[in-house]
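Residue 141 in full-length UniProt numbering sits at position 141 of the sequence shown, with consecutive numbering throughout. Glycine is no exception: its CB is placed at the ideal position from the N, C-alpha and C atoms. Since this is a predicted model, take the numbers as computed values, not measurements. Below: the structure, in structure tokens.
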Amino acid sequence: MEQQPFSCRLTSAPAYTLAEPTLVTFTIENRGDTAVRFLVWGTPLEGTVTDCLDISCDGRPVEYDGRLVKRGDPTADQYVTIAPGESLTETVDISLAYPIDRPGEYTVALDTRLFDAFTVTGPAPRALRLRDELEPHRLSSPDITFTVVPGGEPTLTSGQSARKVEQARWSRAATTEPQAKSRAPAFNGGTDAERAEVTLAHDNAGYFTALALVQLQTTDPGTNALYDEWFGAYDGDRFTTVTTHFTDIDRVLRTEEITYDLTGEGCQPSYFAYTHKGGRTIWLCAQFWAASQIGIDSKFGTLVHELSHAVSFTDDHVYGQSAARNLANTDPAQAITNADNHEYFVEELAQSDFGKSCVFITDRSTFGRDEIDAMLAAAAPAVIDNAFYVHVDGYWPRELGITAASLSGPPVPKPTLTVVPAVPGMTVTATALRAQDSTLPEAPQRFTWVYQVSFANLDGFPADPGDTDVITLTAGIADVTGTAQIQLIREPNPYEIDGETSWLSTDLRVFQIRAGDSRFGETMGPSPDDASDFVIRVVSNFNTGNSGGETFDSISTDQETSRLELAEQSGGVRVFNFAVAKVRYRGTVDLAGVRTFFRLFPASTTSLDYNQDTTYRRFTEGDKVIPLLGLSPADDVLSIPCFASPRIDSSVQPITDQTDGLNVRVIPRSVGGQESVAYFGCWLDINQNQPQFPLNPSPRDGGWPSGRLSIQQLIRNAHQCLVAEIAYDNAPIPPGLSPAVSDKLAQRNLSIVESANPGDPASRRIPNTFEIRMTGTEPQQSGRGPDELLIDWGDTPPGSTATLYIPEIDVGRIVDLADELYGRQPVVRVDQHTLRLPVGDLTYLPLPSEITFDLTALLTVDLPATVRRGDAYTVVVRQATDTSGVAIGGPGNGNGPGDGPGEGPGEGPGDGPGGPRPQEEDDGCNGECPPEWRGIVGSYQLTIPVRTKETMLPDEIRLLSVLKWIHLTVPAEDRWYPAFSRYVQVIADRVRGLGGDPDQVRPSPAGDGGVTPGDGRLAFEGKISGLVYDCFGDFEAFLLDECGEEHRFLSREPEIEALIRRAWRERVFLTVYTTEDDTDRPVSIVLRHAPRPQPVTV
């Protein structure tokens, strides 16, 4: 606009005391020939003091400390018209915005701009203009001076007053909240709905500020177009300033408490919000409530704008996108200190592709022809549910067209899916869409599509045995794409099949049998010495077809009926557990030297990837191959081999001396193209009390003359994982494959924990320990991020809650990572080692990549009182990590990528709101980059059937008795001690919630709860903690330590004294039996463990 004919002046009194208002009068005069209409923003005519003055005291600058406002479009009442020769005057107290807080000579001048001014011609009023249409005009005035003399306390500026209130609030909070301030916002006023809106905006501000920082740190500053647009051409110092601003805002959002004032105090109609430099309170006004959550001039952008004032001391040089862009081009030094430039940078970034991604997670990436053939024989088509997932990050629901209806039934929208080359007979279908937050707030979150793979026939599989076809899958939605590969194989060697669910293989089955019972044409004897002979005879019967009318398929795959028994006895009768594996083969020659190894994992686990150096260790000498203990680099026991043959005496023999003749077989050739099968088996001696292995074996393979524990005492969960490995020299298992991928690994990874109906809250608390094995993947190599846990809550009922306890790490790091990776997510840090998890569709938990050791964990699910008998719920926990495939365009096998174009069925173009984003031309791989995606390295399922407390209580008491027995042998320094101790306590609470008394349950490997069945005696187990003598020196009693609870037993017998003294000296574990009527007098004493060799002091 043309320069307007304004003249401005300031006037004041010659002197003020510190305590009195410092009144300054502002006058503006129109010295032109026409009327001028102008916007009063930024001038004293607003009736309040804004940053419009240049003040110094004795030559030292006095900084502005008043409100810093984000403004919307101006309203009519914010314009005034000044006629030719007319003057307008306003008197304001400048001490409310500038600290007039010390005596001295003050100099004041006007230094501001009119944000909009234009001449008025004709009677018709000019239409209001938007911020981007405003025409600014510079204003100045001559200096004035006045003196401030001592006298009373100086007036506080509005900034000082606000900070004083904040400091008082923080001081009060410090007395009740000694921990660091929470990043959750605080509020003054407002309804619940308003607070929820602000919390959402606050979370979005945190997410996008962190994203802005990543963009600045990872984008070449010389080619960063977004930076150039809002902060001007690159200059190292200016770039550092902007990066520092976002670093500081990010830190404050993560670590400090921000208070939002929702009362409307101090607001004007055009205000979005205001704050003060150095403060942590933001006042929200009418324009904020009218704004969208995400967009331009959005709610979250407003908060970033105000935080740039409060944290980085930015100013409001200009308002609006056009003015801010122009400022970046013409005066970048001012642009980097202008709040709107910071806001528009993050708002435009939010709507860009930066930080958005589409990633596959494959659970089943290999499909075998014979496996599908077997499934087709049972039912057509062969269906594999949850074969893989596609998750999309960085979008909010509206961007993808996702509504509440999208979360039920066949999902719409869904990614476009292409399959190259096309596979005849194979269909890939998106069956469900899962949201991290099913309420679908206007905030970035992870959306996950679940895919099913089905085969109508075998036409798409390789024709020749031994061949593999590599199939490339590409998913695209909006502007992002992801790629993964699957393999179709024709097995030339022995294999097992998984069926629909990889962690419940149909070719690996387990059963329990009581002493004296018969199955498969054989009777189980009464002694552990009979167990090996029993399983050898049963498996031999399977292989000869003489199993008494029962077959392998007679062993139930039902999750509840196939559970194992951890207690030595049930109802006073010994119980034995066994496993049988079915191995299949198609070929024209007999297959010799086929072995099957059985490995038991002490707890559930999400990490079953194949590694012969740790989990799947073996010993080979000539023709002998035998499985060994799976050990971590720290010599923690990861897996325990189980055999059909009796175990060697590990006190004198190394485990390498073990033999297992039953599990080395010749599988006969196929007849007429039909499948040949062979059976293998083992005794799962998890409930036996014979010492076998040390807690941390040294030497690694024995023998171990001391320090051995029973397998029962090495168990860390009522339910364990079992893996059967086909060990065939001509078909080795590649490292890193999981049972879901390899056809030579089959698993039963299942936990069953009952809930009462509805019962006491403790009886509906479902605990499950599991192990997390870090893969060692460096996420920086792929850009995918750290390993993740995926918890699929299935149909767990609304109102359920869950916690995850990981004692080895500060779980706050998981929360921070989740905030960075997923945006808004409701995972909450309860304490240093405990997370509270949302129970809904899917929960993702990132595992910090700096962790190089394995983790123990306790997952606890609390069901609501609405559950009823007969209900059953499932929770599946998976672990995902990076994987990669064959270079696209590179060499392949059979019909691999590059051998021909094509598009698969199922998810064709047009099914999603957008198509795939083109590949970057400069990918550093010459067009042949192997695709990268995420793969599942292990899964386990937690099944929760609902029963009545009367049916649950006896089993729960028996379990608690066994767990207390195990707990006695877990050293306090052992890695499992914290999680297992908490697990045992939860089981004790369940017993109490079911109506029992856990304090009366005694440790026992038999699980009899301290009661010897049939004779009415009580058992007390532990170690001697003291001998008691009377005043004459005669022996009168001894003390037994039952894991922290001491019991006194009376006796004056010399033989008892000698026995107890020996047990005390040699730390022997023993059981003391008493009658129910007289629990202080022993009727029997049993030494449970042989005395350990004592160190000799020379």
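The three-state reading of DSSP puts Phe-288 in helix, counting H, G and I together.
For the pair Leu-608 and Ser-738, the CB atoms are nearer than the 7 Å cut-off. Here Tyr-207 carries a helix assignment [DSSP, helix/strand/coil]. By the CB criterion at 7 Å, Ile-477 and Pro-397 fall outside the cutoff. Linking Thr-596 to Pro-410 through their CA atoms gives a straight-line distance of about 41 Å. Ranked by Cα distance from Leu-18, the options Tyr-844, Ala-83, Gly-152, Asp-58 are led by Gly-152. Bounds of any alpha helix (DSSP H) do not take in Gln-879; it lies within the beta strand (DSSP E) bounded by 872–884. For Gly-59, there is no enclosing alpha helix (DSSP H), as DSSP marks it with neither H nor E.
With a cutoff of 7 Å on beta-carbon distance, Pro-381 and Ala-432 are scored as not near each other. Counting along the chain, the unbroken alpha helix (DSSP H) around Ala-818 starts and ends at 812–822. Glu-788 sits close to Tyr-844, with the two beta carbons spaced by under 7 Å. DSSP places Ala-581 in the strand class (E or B) of the three-state scheme. In the structure shown, Trp-1064 adopts helical secondary structure according to DSSP, grouped into three states.
Annotation: the continuous beta strand (DSSP E) that includes Lys-624 extends over 624–627. Per the DSSP secondary-structure output, Tyr-977 pairs with nothing in a beta bridge. DSSP places His-137 in the uninterrupted beta strand (DSSP E) bounded by 137–140.
DSSP places Ile-1056 within a helical segment (H, G or I) once states are collapsed to three.
Ile-667 places its beta carbon less than 7 Å from that of Val-594. Distance from the CA of Ala-339 to the CA of His-305, rounded to the nearest whole angstrom, comes to 5 Å. Within the UniProt domain "Lysine-specific metallo-endopeptidase" (214–347), the complete beta strand (DSSP E) segments of 3 residues or longer fall at 259–261, 271–275, 281–284, listed in chain order.
By the neighbour-count criterion, in which 16 or more other beta carbons inside 10 Å mark a residue as buried, Phe-1032 falls on the exposed side. A straight line joining the alpha-carbon of Pro-758 with that of Arg-509 spans about 32 Å. Under DSSP, Tyr-728 takes part in no beta bridge, so it has no partner. Taking the CA atoms as reference points, Pro-998 sits about 21 Å from Leu-863. In its chain, beyond the 5 residues on either side, Leu-200 have a beta carbon closer than 6 Å to the beta carbon of Pro-441. Looking at the DSSP output, Cys-1031 bridges to nothing.
Going by beta carbons, Tyr-389 and Val-539 fall outside the 7 Å limit. Out of Glu-675, Ser-650, Phe-26, the CA that lies nearest to the CA of Asp-701 is found in Ser-650. Ala-988 and Phe-552 have their C-alpha atoms some 37 Å from each other. For a cut-off of 8 Å, the C-beta gap from Leu-39 to Tyr-64 is around 20 Å, too long to register as a contact. Less than 7 Å separates the beta-carbon of Arg-764 from that of Ala-756.
When the alpha-carbon of Gln-268 is set against those of Ala-76, Glu-90, His-342, Val-214, the nearest one is in Ala-76.
Around the beta carbon of Thr-121, fewer than 16 other beta carbons lie within 10 angstroms, which makes this residue exposed. Comparing C-alpha distances from Ala-374 to each of Thr-834, Glu-675, Val-1072, Pro-44 shows the shortest one belongs to Glu-675. For Val-1086, the number of other beta carbons within 10 angstroms of its own is below 16, and it is reported as exposed.
Taken atom to atom, the span from the alpha-carbon of Ala-567 to that of Gly-1022 is near 18 Å.
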